[in-house]
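K.L.:
In numbering that gives the first Met the number 0, the protein residues as written are 0 to 539.
Think of the CB as a built atom: it goes at the ideal place given N, C-alpha and C, for glycine as much as any other residue.
None of these values were measured; they are calculated from a predicted model.
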Amino acid sequence: MSADRAVLESALERGEEEGGSVEFKERLSRELHLADGRLESLAAQLRHRVLSGDGTATYVIGVTDDGGIAGIPPEAFSESMDVLSILADEADAHIEGVETWGVGDDGDRGLVGVATLRSGGRLADDDHIVVGTAGHVDHGKSTLVGSLVTGTADDGQGGTRGFLDVQPHEVERGLSADLSYAVYGFTDDGAVHMDNPHRKSDRARIVEESDRLVSFVDTVGHEPWLRTTIRGLVGQRLDYGLLVVAADDGPTKTTREHLGILLAMELPTIVAITKADAVDEDRLDAVEREVEGLLRDVDRTPLSVDRYGVGTAVDELGDSVVPILRTSAVTMDGLDDLDSMFERLPKTTVHDRDDFRMYIDRTYSVAGVGAVASGTIDSGSVEPGDELLLGPMPDGSFRDVEVRSIEMHHHRVDRATAGRIVGIALKGVEEAEIERGMALLPGDADPTAVRSFEAEVMVLNHPTRIRDGYEPVVHLETASEAVIFHPEGGQLLPGDTGTATVEFKFRPYLVEEGQRFVFREGQSKGVGTVLDVGDGDREP
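And the structure:
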């Protein structure tokens with residue numbers, strides 16, 4: 000992780016001039032600095048630094064007591080961050096962000112880092128909702144979310160969508176090709192927006208300042224990446240779906256397909272008609288009628304927010320009622336209503352288990368930290384220092400790993416609970432060994448990977464019939480894997496609901512009863528629920 004060296008020089012200067020809120024440490028070790036008596040003393044010192052800085056302190060790691068740049072090995076830097084996180088927790092503070100530099104020729108002298116710490120507690124579990132977007136390509140999903148999280152109007156060319164896209168080619172082409180994430184929040188004074196979403200520290204500030212958070216998982220509307228969209232809607236612990244329909248285009252085949260996935264996953268859903276500024280009132284009315292007809296076709300009751308108000312929409316939104324509202328990211332019409340809804344909507348995901356579990360959606364590596372696994376925590380909680388199991392590996396085994404640190408929207412936290420979208424830095428594994436679809440579990444768990452399971456499936460669309468040996472791709476949690484279907488009775492017709500044995504073609508996964516999944520192959524698609532993982536086809 001690189002940054003302007005001026006940040007480091009500024010910290011060194013402030014340390015020399017002020018002293019109160021800046022602390023120099025060459026390194027911190029568990030053995031020495033967490034020993035009896037030392038932990039309490041260092042936590043008190045950290046608390047003093049935070050108070051001296053009016054709630055903010057700066058710790059410079061990898062320097063001598065007089066501010067000389069020393070540099071320490073990446074492993075020692077990671078341990079120092081672990082220890083600093085524990086000290087911060089003791090002092091009722093947290094690490095907001097860390098910037099690191101390599102020193103010496105090609106960084107051969109090691110790392111130096113600047114950690115920013117702030118005082119403050121944690122959000123309650125019910126004060127964080129996760130919303131998944133869906134809709135056809137170029138209907139304005141990312142632009143709408145970009146304007147929501149920044150509170151700024153779009154330029155009419157999709158400028159605010161650039162705050163979400165993660166790859167340069169996505170920005171250049173104007174098409175999202177992978178899941179994107181965004182966040183904003185609320186306090187008693189109203190919405191807390193991002194000033195510059197491209198800065199990781201700005202996202203961390205939202206988490207720090209807000210009493211309530213709204214995280215967005217922005218999916219992909221282009222047909223070739225439908226697999227990625229399904230992954231976003233199935234593999235995340237979402238509370239609500241936000242389906243967008245452009246006023247200048249209306250509902251499309253992709254709109255219907257995405258709506259079907261949202262409903263199959265039993266997500267309470269809102270429909271936002273976007274680009275209201277681009278058409279006249281008659282066209283808006285016509286598109287709204289089309290959306291209402293589409294919802295009635297799938298046994299849902301449309302509710303106009305313009306007609307009945309935000310309060311009624313919040314109260315009625317559920318399994319059968321779908322609010323519809325008109326929006327424009329250019330004029331900002333309708334965005335106040337969306338703000339009001341997201342500020343008031345309750346969390347919907349129910350966590351029916353106490354033990355920690357997270358399915359991995361992304362992996363990356365951070366200098367001085369190592370391998371990071373990202374995903375949405377399915378249940379339980381996790382803290383730095385926790386011993387976990389990672390897997391299944393391709394052979395069905397599980398690996399012992401340790402939690403180095405945890406970040407939520409680039410905000411370092413000392414504990415994360417169910418429903419949080421987090422990145423967990425892991426000790427004991429290389430990033431190349433971690434794959435999407437794997438899970439993190441408590442170290443004392445006794446998981447078993449399976450190659451097949453029994454399921455109840457519903458065929459939503461298929462040109463003929465599903466026979467024994469049918470090979471679609473199943474999207475279950477964050478896994479997307481080719482499988483072989485063995486329907487009971489030998490076949491399933493379009494519209495049928497029946498049971499089938501589902502067999503993974505290439506490797507085992509962690510599967511549990513009750514999990515829902517989507518399967519797709521060409522124009523064929525359906526949904527299912529795991530009934531039984533059995534014992535016969537488990538990996539040793």
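On the CB-based measure, 16 or more other CB atoms within 10 Å of its CB, does Ala-431 come out buried or exposed?
P.N.:
By the neighbour-count criterion, in which 16 or more other beta carbons inside 10 Å mark a residue as buried, Ala-431 falls on the exposed side.
K.L.:
Over the uninterrupted alpha helix (DSSP H) stretch that includes Phe-76, give me the two end residues.
P.N.:
73–89
K.L.:
Might you give, ordered along the chain, the residues of its own chain that have their beta carbon closer than 6 Å to the beta carbon of Ser-303, omitting 5 neighbours on each side?
P.N.:
Ile-323
K.L.:
Tell me whether the beta-carbon of Ser-79 lies closer than 8 Å to the beta-carbon of Ser-404.
P.N.:
no
K.L.:
If we ignore side chains and look at the alpha-carbon of each, how far apart do Asp-81 and Asp-88 end up?
P.N.:
11 Å
K.L.:
Give me, in chain order, the residues of the same chain whose beta-carbon lies closer than 6 Å to that of Thr-253; leave out the 5 immediate sequence neighbours on both sides.
P.N.:
Within its own chain, the residues whose Cβ lies closer than 6 Å to the Cβ of Thr-253, once the five positions on either side in sequence are excluded, are His-135, listed in chain order.
K.L.:
Is Asp-332 closer than 8 Å to Ala-271 when the C-beta atoms are compared?
P.N.:
No; because the gap between Cβ atoms is not below 8 Å, this pair is not in contact.
K.L.:
Please classify Asp-306: is it buried, with 16 or more other beta-carbons within 10 angstroms of its beta-carbon, or exposed?
P.N.:
Before going on, a small fix: residue 306 reads as Arg here, not Asp. Arg-306 should be labelled exposed.
K.L.:
Could you check what DSSP says for Thr-416 in three-state terms: helix, strand or coil?
P.N.:
strand
K.L.:
Quick one: what does DSSP say Phe-341 is sitting in, helix, strand or coil?
P.N.:
helix
K.L.:
Are the region 440–450 and the region 498–509 touching by the rule of at least three beta carbon pairs closer than 8 Å?
P.N.:
yes
K.L.:
If I'm right that Ser-118 touches Thr-57 with Cβ under 8 Å, what's the distance once you round it to whole angstroms?
P.N.:
Rounded, the Cβ-Cβ distance is 13 Å, inconsistent with contact.
K.L.:
Could you check the C-alpha separation between Val-473 and Glu-480 for me, to the nearest Å?
P.N.:
Val-473 and Glu-480: Cα-Cα distance of roughly 5 Å.
K.L.:
Specify the secondary structure class of Lys-346 as computed by DSSP and reduced to three states.
P.N.:
coil
K.L.:
Does Asp-238 pass the burial test, meaning 16 or more other C-beta atoms within 10 Å, or should it be called exposed?
P.N.:
So Asp-238 ends up on the buried side.
K.L.:
Looking only at its own chain, which residues have a Cβ that is under 8 Å from the Cβ of Glu-511, when we skip the five neighbours before and after it?
P.N.:
Val-529 and Val-532
K.L.:
So what does DSSP say about Leu-509, is it helix, strand or coil?
P.N.:
Per DSSP, reduced to three states, the secondary structure at Leu-509 is coil, with no helix or strand assignment.
K.L.:
For Glu-265, collect the residues of the same chain with a Cβ closer than 8 Å to its Cβ; drop the 5 residues on either side in sequence, then sort them by chain order.
P.N.:
Leaving aside the five residues that flank Glu-265 on each side, the residues in its chain whose CB is nearer than 8 Å to its CB run, in chain order, Asp-318 and Arg-515.
K.L.:
What residue range is occupied by the uninterrupted alpha helix (DSSP H) comprising Tyr-469?
P.N.:
It is not in any alpha helix (DSSP H) - Tyr-469 carries neither H nor E in the DSSP assignment.
K.L.:
Give the range of the alpha helix (DSSP H) segment to which Ile-543 is assigned.
P.N.:
The chain is shown from 0 up to 539; residue 543 falls before or after that span and cannot be answered.
K.L.:
Using 10 angstroms around the beta-carbon of Asp-360, count the other beta-carbons present and answer buried if the total reaches 16, otherwise exposed.
P.N.:
buried
K.L.:
Is Ser-141 helix, strand or coil by DSSP?
P.N.:
helix
K.L.:
Which class does Leu-50 belong to by DSSP, given the choice of helix, strand or coil?
P.N.:
helix
K.L.:
Tell me the DSSP secondary structure of His-409 in three-state form.
P.N.:
coil
K.L.:
Helix, strand or coil for Ala-245, going by three-state DSSP, please let me know.
P.N.:
strand
K.L.:
Count the other CB atoms, across all protein chains shown, that sit within 10 Å of the CB of Val-297; report buried if there are 16 or more and exposed otherwise.
P.N.:
exposed
K.L.:
Just the C-alpha distance for Gly-527 and Val-402, rounded to the nearest angstrom, thanks.
P.N.:
When rounded, the distance between both Cα atoms is 33 Å.
K.L.:
Which residue wins for smallest C-alpha separation from Gly-145, given the options Val-59, Arg-37, Ser-327 and Gly-374?
P.N.:
Ser-327
K.L.:
For Ile-60, which residues does DSSP report across the bridge?
P.N.:
Lys-24 and Gly-112
K.L.:
Please determine, among Gly-418, Asp-314, Leu-316 and Ala-370, the residue with the shortest C-alpha to C-alpha distance to Arg-356.
P.N.:
Closest option to Arg-356, Cα to Cα, is Gly-418.
K.L.:
Indicate the three-state DSSP secondary structure (helix, strand or coil) for Arg-403 in the structure shown.
P.N.:
strand
K.L.:
What residues in its chain sit with their C-beta under 6 Å from that of Asp-385, if we drop five residues either side in the sequence?
P.N.:
Val-402
K.L.:
Specify the secondary structure class of Val-165 as computed by DSSP and reduced to three states.
P.N.:
Confidence at Val-165 is low in this model, with a pLDDT of 44, below 50, so the placement of that residue is unreliable and no value is reported for it.
K.L.:
Roughly how many angstroms separate the alpha carbons of Lys-524 and Ala-133, rounded to a whole number?
P.N.:
17 Å
K.L.:
CB Arg-299 to CB Val-329, shorter than 8 Å?
P.N.:
no
K.L.:
Run through the DSSP bridge pairs and tell me what His-474 is partnered with.
P.N.:
Ser-479 and Val-517
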